[in-house]
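The structure appears below as structure tokens.
In the numbering used here, the protein residues as written are 1236 to 1461.
Structure, rendered in structure tokens:
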């Protein structure tokens, strides 16, 4: 079977959640292709991780250049170098600094177009329950509306789904371990340096997810340790 005969487009950040999602869908028998986005994020290192995961899965991987959004959607620590990246556990206040306005709606809409153009019937998002409190475009109602818009825009030929929308990150990591996900290829850190910083909210969440799942963490963190 050609790797281009896909039925599902996976929004792939190169992080834990979307990587487990890709392996989960493959385990279900779906034929996937991965789409990543350069939206001007300071952690472009994640795009390299997504490419490595796609190579491991032997699937098509496209990177869409939306780098201009880093300037147009400024004010977020993810896209604006003048905004400090918060450390430690995310609180409502610190997570606000990492919001990129309407990001998932923009990316999902483009993925739906790609899916429609390539005859894929689904677009899969890796959002999970831990994202819900602050990120409005990670909540179940957003996924439901994105699905309805996709159907309306493609004459009911493309659906949007998020299989992990009610899962915790620890549950996702445990599930991925059972599927043999190569976690050493993935990237979470929002600082995007040579190693995971181990201090930002995503690094803290990553470490805790492995611990809660009882899965060895293969991540190299700045300052040593895993």
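For glycine and all other residues, C-beta sits at the position ideal for the given N, C-alpha and C. Being a predicted model, the structure only gives us computed values, none of them experimental.
| query | result |
| --- | --- |
| Are residue 1398 and residue 1256 touching if we call contact CB-CB under 9 Å? | yes |
| Let me know if residue 1306 comes out buried or exposed under the rule of 16 or more other beta-carbons within 10 Å of its beta-carbon. | exposed |
| According to DSSP, is residue 1419 helix, strand or coil? | helix |
| Tell me the DSSP secondary structure of residue 1301 in three-state form. | coil |
| Where do the N-terminal and C-terminal ends of the alpha helix (DSSP H) with residue 1290 fall, by residue? | 1280 to 1292 |
| Can you give me the Cβ contacts of residue 1262 inside the same chain, cut-off strictly under 8 Å, excluding the 5 residues immediately before and after it? | 1414 |
| Between the segment 1379 to 1388 and the segment 1416 to 1425, do at least 3 Cβ pairs fall closer than 8 Å? | no |
| For residue 1457, which residues from the same chain have a beta carbon less than 6 Å from its beta carbon, with the 5 sequence-adjacent residues on both sides left out? | 1430, 1432 and 1433 |
| Return the residue from the list 1428, 1402 and 1427 that minimises the CA-CA distance to residue 1444. | 1402 |
| When the Cα atoms are used, what is the spatial distance from residue 1267 to residue 1435? | 31 Å |
| Alpha carbon to alpha carbon, how far is residue 1301 from residue 1273? Give it in angstroms, no decimals. | 5 Å |
| Grouping DSSP H, G and I as helix and E and B as strand, with all else coil, what is residue 1399? | coil |
| Out of 1294, 1362 and 1351, which has the shortest C-alpha to C-alpha gap to residue 1212? | Residue 1212 falls outside the range modelled here, since the chain spans only 1236 to 1461, and no answer is possible. |
| Could you compute how far the alpha carbon of residue 1411 sits from the alpha carbon of residue 1387? | 33 Å |
| Which value, in whole angstroms, describes the spacing of the CA atoms of residue 1406 and residue 1449? | 10 Å |
| Whole angstroms is fine: what's the gap from residue 1360's alpha carbon to residue 1270's? | 11 Å |
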